[in-house]
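Student: Each residue of the sequence shown is one higher than the last, beginning at 0 in numbering that gives the first Met the number 0. Next up is a structure, given as structure tokens.
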Amino acid sequence: MKLRRLGPTTLLATLSLAAVAAADPSISITVGGQPAGSQVNIQSLNDLQVLVTTPDGATASTSIDLQGGTQGQVPIDQRAAPVSLSAPIAASISSGASNFAITRDTCTGTALGSASGQNSNCIIEVTPKANTFGPLGGSLRLSVGEFQKEVPLSGNAHDFDPAKLTIAAASGNPSLMSVAGPGRPAYSAPIILRVTNASREKPSDPVGIVLGGNNTASFEVTSDACTGKALAPLASCDVNVRALASQPVASFSATITAAANNKPAITLSGSASGWKPASLIFVDTNGNGVDVQGPGSPAYGAPRALTVQNSGDLISGAISTALLSTTNYDLYGQNTCSGTQLDIAQTCVVTVRGKATANGSLSSTLRVTQSGVSTDMPITGTATGFNPAKLILASGSSSGIDIANGVSPGGCRDFGFRNDGDIATGTLATSISSGATNFSTTGCTNTCSNALAGGQNCSVGVRLVASANGNYSGNLRVAASPGGQIDVPLAGTASGFCVPNNQRTGESACSASCGGGSKTVYWSNGCGSTWTTQESCNTQSCTPPPSISWNYDRWGGQCRHIAVNVSQGFSGSQYFSGSCGLAGQSSGWSVGASFDITYCDDGSRRGCTQTYDVSACNAGGCTNSRIDIDWGY
Numbered sequence: 000m001k002l003r004r005l006g007p008t009t010l011l012a013t014l015s016l017a018a019v020a021a022a023d024p025s026i027s028i029t030v031g032g033q034p035a036g037s038q039v040n041i042q043s044l045n046d047l048q049v050l051v052t053t054p055d056g057a058t059a060s061t062s063i064d065l066q067g068g069t070q071g072q073v074p075i076d077q078r079a080a081p082v083s084l085s086a087p088i089a090a091s092i093s094s095g096a097s098n099f100a101i102t103r104d105t106c107t108g109t110a111l112g113s114a115s116g117q118n119s120n121c122i123i124e125v126t127p128k129a130n131t132f133g134p135l136g137g138s139l140r141l142s143v144g145e146f147q148k149e150v151p152l153s154g155n156a157h158d159f160d161p162a163k164l165t166i167a168a169a170s171g172n173p174s175l176m177s178v179a180g181p182g183r184p185a186y187s188a189p190i191i192l193r194v195t196n197a198s199r200e201k202p203s204d205p206v207g208i209v210l211g212g213n214n215t216a217s218f219e220v221t222s223d224a225c226t227g228k229a230l231a232p233l234a235s236c237d238v239n240v241r242a243l244a245s246q247p248v249a250s251f252s253a254t255i256t257a258a259a260n261n262k263p264a265i266t267l268s269g270s271a272s273g274w275k276p277a278s279l280i281f282v283d284t285n286g287n288g289v290d291v292q293g294p295g296s297p298a299y300g301a302p303r304a305l306t307v308q309n310s311g312d313l314i315s316g317a318i319s320t321a322l323l324s325t326t327n328y329d330l331y332g333q334n335t336c337s338g339t340q341l342d343i344a345q346t347c348v349v350t351v352r353g354k355a356t357a358n359g360s361l362s363s364t365l366r367v368t369q370s371g372v373s374t375d376m377p378i379t380g381t382a383t384g385f386n387p388a389k390l391i392l393a394s395g396s397s398s399g400i401d402i403a404n405g406v407s408p409g410g411c412r413d414f415g416f417r418n419d420g421d422i423a424t425g426t427l428a429t430s431i432s433s434g435a436t437n438f439s440t441t442g443c444t445n446t447c448s449n450a451l452a453g454g455q456n457c458s459v460g461v462r463l464v465a466s467a468n469g470n471y472s473g474n475l476r477v478a479a480s481p482g483g484q485i486d487v488p489l490a491g492t493a494s495g496f497c498v499p500n501n502q503r504t505g506e507s508a509c510s511a512s513c514g515g516g517s518k519t520v521y522w523s524n525g526c527g528s529t530w531t532t533q534e535s536c537n538t539q540s541c542t543p544p545p546s547i548s549w550n551y552d553r554w555g556g557q558c559r560h561i562a563v564n565v566s567q568g569f570s571g572s573q574y575f576s577g578s579c580g581l582a583g584q585s586s587g588w589s590v591g592a593s594f595d596i597t598y599c600d601d602g603s604r605r606g607c608t609q610t611y612d613v614s615a616c617n618a619g620g621c622t623n624s625r626i627d628i629d630w631g632y
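So this is what it looks like as structure tokens:
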């Protein structure tokens, strides 16, 4: 407070206050209920009122200088104010010392002089203090001698308990929000979330309710009494929330945030169950009687439309359709199921028709599948009106399958065959049943290796194989069961071949002059083919055979002397024959030996002839020699 002498009848009082709060440094000051800085006319010290406020953004230790009037002069008490103070000023907090303190005082102990003189003013600073919110009250006592004036001090401390929101479940369990299907969607029981301003002092900012997290689509707010509302201290508001799902979900979660002030949040979690999975059924439960009437190759029956329905609680996956066997049935015409997803109880149509090439029973299975789960419908029927399979020769001449230029094999002759019935044949087998040495299908067209449908054709090519001129015959056989067997006689002539005439055209020199050698003999058949053989030659021994010479005394009386000489003999023997009574074989002799034979006649051999044979052999061969002895003495 500044006190200044204005004149003989005026005392100017100016109060300077610095705001400091014990619990909150951002405290500002207002005087007389008006904002700081405003000009306030103080009629007396009783008019001085101090209010303490703490608006957001205020600066601590804000100084407020109060000046009276537009020129800062405030008449306090013209009648009582002396020209000068006769006693020094004393200032004290007379009450409310727990809320106010004098923090600066240049007045106490000072006797103010006149307004124009020195020491005409002084300053007293009063600082408010608090440790909780609420009203502040007290009194500043100013004394000058016996004169005393009580200046009421009052104010308000706030922002010690700022707005603080909480959110919690008032009913239900936010972590167990179970959805029980079926439904599109189905819902959980609702829970009530309560948002409360826990402050006893400050109202909240306007509240916003925000649903966030990964699974916001799994929850919905059904009622909201909080959004846009600023909650008074300790006031509450409620939000109703429920979970929703259209299919089983193992778990889902999200958060609810009260988007104001401290922005509290609560986690919501739950699960969904109770839906039957999508399941396909055939509304038309009879797939029998899907028949075929022949003839045809193939013949087709009337289409049969079959209806499929989703009997589950969930949308199906994309549907695939298939016949497990397409031998007797195929998918035909309308098929609204393939690639389609069926909603609950929705239907689609698959169309099948029979096909056949022979009389008999027909069967297959229609399978519809979604999400890996299949449903089957047996399809059955009967095929009638087909003629049996029958093979016939359709084209081709049996004769003239020739070779004219001596080049084998000859050209191919094609034979055509046809199934003259409606029913397919069995697998065809083709063969040369006779004459397979001279007739062949190798290298020729052969389309008769599979079954023939009714009215279908195939062909087999045959050609002559020969190595010599002449006439040839055979048989081509084509057979199937059913279908029968066709035998086609084959005939052809081969000409232009060279007739072979094997001739010896030369030979090489012998490899040895004696003792056995070999030589090459050259041959030709006169038709372009040549060859060689090996023959032995000069097989005689390189050692000459023995020679035999005779020397005998032809007329020696009654005795005959024979000398035999053998050159180079290895072994020898002698034989006797004739009419002189000597016969048989004498003992042999050694190599190079000679022998003498002496025979005497006792008179009984006269007139007879005796033959002597001598044989001698060595490596060069054998030599035989004979001499006749006439006993004609």
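Just so it is clear, CB atoms sit at the ideal spot from N, CA and C, and this is done for glycine as well. Computed from a predicted structure; not experimentally measured.
Which term fits Gln609, buried or exposed, when burial requires 16 or more other beta carbons within 10 angstroms of its beta carbon?
Tutor: For this step, residue 609 is matched to residue 610 along the sequence shown. With 16 or more other Cβ atoms within 10 Å, it is buried.
Student: Please go through the segment 229-295 and give each complete beta strand (DSSP E) segment of 3 or more residues, from N-terminal end onward.
Tutor: Listed in chain order, they are 235-244, 248-257, 264-272, 279-281.
Student: List, from N- to C-terminal side, the beta strand (DSSP E) runs of 3 residues or more that fit wholly inside the segment 479-522.
Tutor: Listed in chain order, the complete beta strand (DSSP E) runs (minimum 3 residues) inside the segment 479-522 are 483-493, 502-506.
Student: Tell me, which residues are paired with Lys354 by DSSP?
Tutor: By one-based count along the sequence shown, residue 354 stands at place 355. DSSP lists Tyr299 as partners of Lys354.
Student: In the DSSP assignment, find the beta strand (DSSP E) that holds Glu200 and state where it starts and stops.
Tutor: Position 201 of the sequence shown, counting from 1, holds the residue named residue 200. Neither: Glu200 is in no beta strand (DSSP E) and is coded neither H nor E.
Student: Measure the alpha-carbon distance for Phe159 versus Leu230 and round it to whole angstroms.
Tutor: Reading the sequence shown from its first residue, position 160 is the one you call residue 159. Reading the sequence shown from its first residue, position 231 is the one you call residue 230. Roughly 17 Å separates the two Cα atoms.
Student: Who pairs with Glu534 in a beta bridge, going by DSSP?
Tutor: The residue labelled residue 534 in the question sits at position 535 within the sequence shown. Answer is Lys518, bridged to Glu534.
Student: Below 8 Å on the Cβ atoms is my contact criterion, and I expect Arg241 with Tyr186 to pass it. Report the Cβ-Cβ distance as a whole number of Å.
Tutor: Residue numbering aside, residue 241 sits at position 242 when the sequence shown is read from its first letter. Residue numbering aside, residue 186 sits at position 187 when the sequence shown is read from its first letter. Right, the Cβ-Cβ distance comes to about 5 Å (below 8 Å), so this counts as a contact.
Student: My assumption, with CB atoms under 8 Å, is that Val238 sits in contact with Leu192. Please give the rounded CB distance.
Tutor: Start at 1 with the first residue of the sequence shown, and residue 238 comes out as number 239. Start at 1 with the first residue of the sequence shown, and residue 192 comes out as number 193. The Cβ separation is near 5 Å, so the contact holds.
Student: So, at 6 Å on beta carbons, what are the nonlocal neighbours of Lys518 in its own chain, with the 5 sequence-adjacent residues on each side left out?
Tutor: Locating residue 518 in the sequence shown gives position 519, counting from the first residue. These residues qualify, in order along the chain: Glu506, Ser507, Cys509, Glu534, Cys536.
Student: Whole angstroms is fine: what's the gap from Ala615's alpha carbon to Asp627's?
Tutor: Along the sequence shown, read from residue 1 onward, the residue named residue 615 stands at position 616. Along the sequence shown, read from residue 1 onward, the residue named residue 627 stands at position 628. Roughly 18 Å between the two C-alpha positions.
Student: When the Cβ atoms of the segment 297-313 are set against those of the segment 353-360, are three or more pairs found closer than 8 Å?
Tutor: Contact holds: three or more Cβ-Cβ distances are below 8 Å.
Student: Assuming Leu164 is part of the beta strand (DSSP E), what are its boundary residues?
Tutor: Walking along the sequence shown from the start, residue 164 turns up at place 165. 164-170 is the span of the beta strand (DSSP E), which, as asked, contains Leu164.
Student: Excluding the five sequence neighbours on either side, which residues of its own chain have a C-beta within less than 6 Å of the C-beta of Ile391, listed in chain order?
Tutor: On the sequence shown, position 392 is the one that residue 391 refers to. So the qualifying residues of the chain are Arg417, Asp419.
Student: Could you tell me whether the Cβ atoms of Gly434 and Arg412 are closer together than 8 Å?
Tutor: As a first step, residue 434 must be located in the sequence shown, where it is residue number 435. As a first step, residue 412 must be located in the sequence shown, where it is residue number 413. Not in contact: Gly434 and Arg412 (Cβ atoms no closer than 8 Å).
Student: Alpha carbon to alpha carbon, what distance is there between Lys201 and Ala100?
Tutor: Taking the sequence shown and counting its residues from 1, one reaches residue 100 at position 101. Taking the sequence shown and counting its residues from 1, one reaches residue 201 at position 202. Cα to Cα, Ala100 sits roughly 27 Å from Lys201.
Student: Give the DSSP-derived three-state secondary structure of Ala382 in the structure shown.
Tutor: One-based indexing of the sequence shown puts residue 382 at position 383. Looking at Ala382 - three-state DSSP - the assignment turns out to be strand.
Student: Let me know the secondary structure DSSP gives Thr368 once reduced to three states.
Tutor: Looking up residue 368 in the sequence shown gives position 369. In the structure shown, Thr368 sits in a strand (DSSP, three-state: E or B).
Student: What does Val304 pair with, by DSSP beta-bridge criteria?
Tutor: The residue given as residue 304 occupies position 305 in the sequence shown. The identity of residue 304 in the sequence shown is Ala, whereas the question assumes Val. Looking at the DSSP assignment, Ala304 forms a beta bridge with Thr350.
Student: Straight-line CA distance for Asn172 to Val349?
Tutor: The residue given as residue 172 occupies position 173 in the sequence shown. The residue given as residue 349 occupies position 350 in the sequence shown. So the alpha carbons of these two residues sit roughly 49 Å apart.
Student: Can you tell me which residues form a DSSP beta bridge with Gly137?
Tutor: Translated into positions along the sequence shown, residue 137 becomes position 138. Beta-bridge pairing links Gly137 to Leu152.
Student: Thinking Ile474 and Ile431 are a contact (beta carbons under 8 Å), I'd like their distance in whole angstroms, please.
Tutor: Taking the first residue of the sequence shown as 1, we reach residue 474 at position 475. Taking the first residue of the sequence shown as 1, we reach residue 431 at position 432. The amino acid occupying residue 474 in the given sequence is Asn; Ile does not appear at that position. Contact holds; Cβ gap of about 7 Å.
Student: For Lys128, does the count of other Cβ atoms within 10 angstroms reach 16, so buried, or fall short, so exposed?
Tutor: In the sequence shown, the residue the question calls residue 128 occupies position 129. Per the 10 Å Cβ criterion, buried.
Student: What's the C-alpha gap between Thr532 and Trp522?
Tutor: By 1-based counting over the sequence shown, the position of residue 532 is 533. By 1-based counting over the sequence shown, the position of residue 522 is 523. Those two C-alpha atoms are separated by around 8 Å.
Student: When you compare the segment 310-327 with the segment 272-288, are there three or more beta-carbon pairs, one atom per stretch, that lie closer than 8 Å?
Tutor: Segments in contact, yes.
Student: Check Thr215 in the structure and name its three-state DSSP category.
Tutor: Numbered from its first residue, the sequence shown carries residue 215 at position 216. It is helical.
Student: Looking at the structure shown, is Val633 part of a helix, part of a strand, or coil, going by DSSP?
Tutor: No answer is possible for residue 633: the residues shown for the chain start at 0 and end at 632.
Student: Would you kindly report the start and end of the unbroken beta strand (DSSP E) that includes Asn456?
Tutor: Residue numbering aside, residue 456 sits at position 457 when the sequence shown is read from its first letter. Here the beta strand (DSSP E) through Asn456 covers 456-463.
Student: I'd like to confirm the pairing. Which residues does DSSP put opposite Thr226 in its beta bridges?
Tutor: For the purposes of this step, residue 226 is taken as the residue at position 227 of the sequence shown. According to DSSP, Thr226 bridges with nothing at all.
Student: Please work out which residues of its chain come closer than 7 Å, Cβ to Cβ, to Ala452, disregarding the five sequence neighbours upstream and downstream, and give them in chain order.
Tutor: Along the sequence shown, read from residue 1 onward, the residue named residue 452 stands at position 453. Cβ within range, chain order: Ser296, Thr356, Asn418, Ala423.
Student: Give the C-beta separation of Met176 and Ile190 to the nearest angstrom, bearing in mind that I take them to be a contact with Cβ-Cβ under 8 Å.
Tutor: As a working mapping, residue 176 is identified with position 177 in the sequence shown. As a working mapping, residue 190 is identified with position 191 in the sequence shown. Their Cβ separation, rounded to whole angstroms, is 7 Å, which keeps Met176 and Ile190 in contact under 8 Å.
Student: Excluding five sequence neighbours on each side, which residues of the same chain lie with their C-beta closer than 7 Å to the C-beta of Leu323?
Tutor: Within the sequence shown, residue 323 is the residue found at index 324, counting from 1. Result list for Leu323: Ser363, Thr364, Arg366, in chain order.
Student: Confirm, please, whether the CB-CB distance from Ser315 to Gln369 is below 8 Å.
Tutor: Sequence index remark: in the sequence shown, residue 369 carries index 370 (1-based). Sequence index remark: in the sequence shown, residue 315 carries index 316 (1-based). Yes, they are a contact pair.
Student: Is the Cβ-Cβ distance between Leu210 and Val220 less than 8 Å?
Tutor: Numbered from 1 along the sequence shown, position 211 holds the residue referred to as residue 210. Numbered from 1 along the sequence shown, position 221 holds the residue referred to as residue 220. Yes; because the gap between Cβ atoms is below 8 Å, this pair is in contact.
Student: Which word fits Ala493, buried or exposed, when buried means at least 16 other C-beta atoms lie within 10 angstroms of its C-beta?
Tutor: Here residue 493 refers to the residue found at position 494 when the sequence shown is read from its first residue. When all chains shown are included, Ala493 counts as buried.
Student: Tell me the rounded alpha-carbon separation between Gly515 and Gln539.
Tutor: Translated into positions along the sequence shown, residue 515 becomes position 516. Translated into positions along the sequence shown, residue 539 becomes position 540. Roughly 7 Å between the two C-alpha positions.
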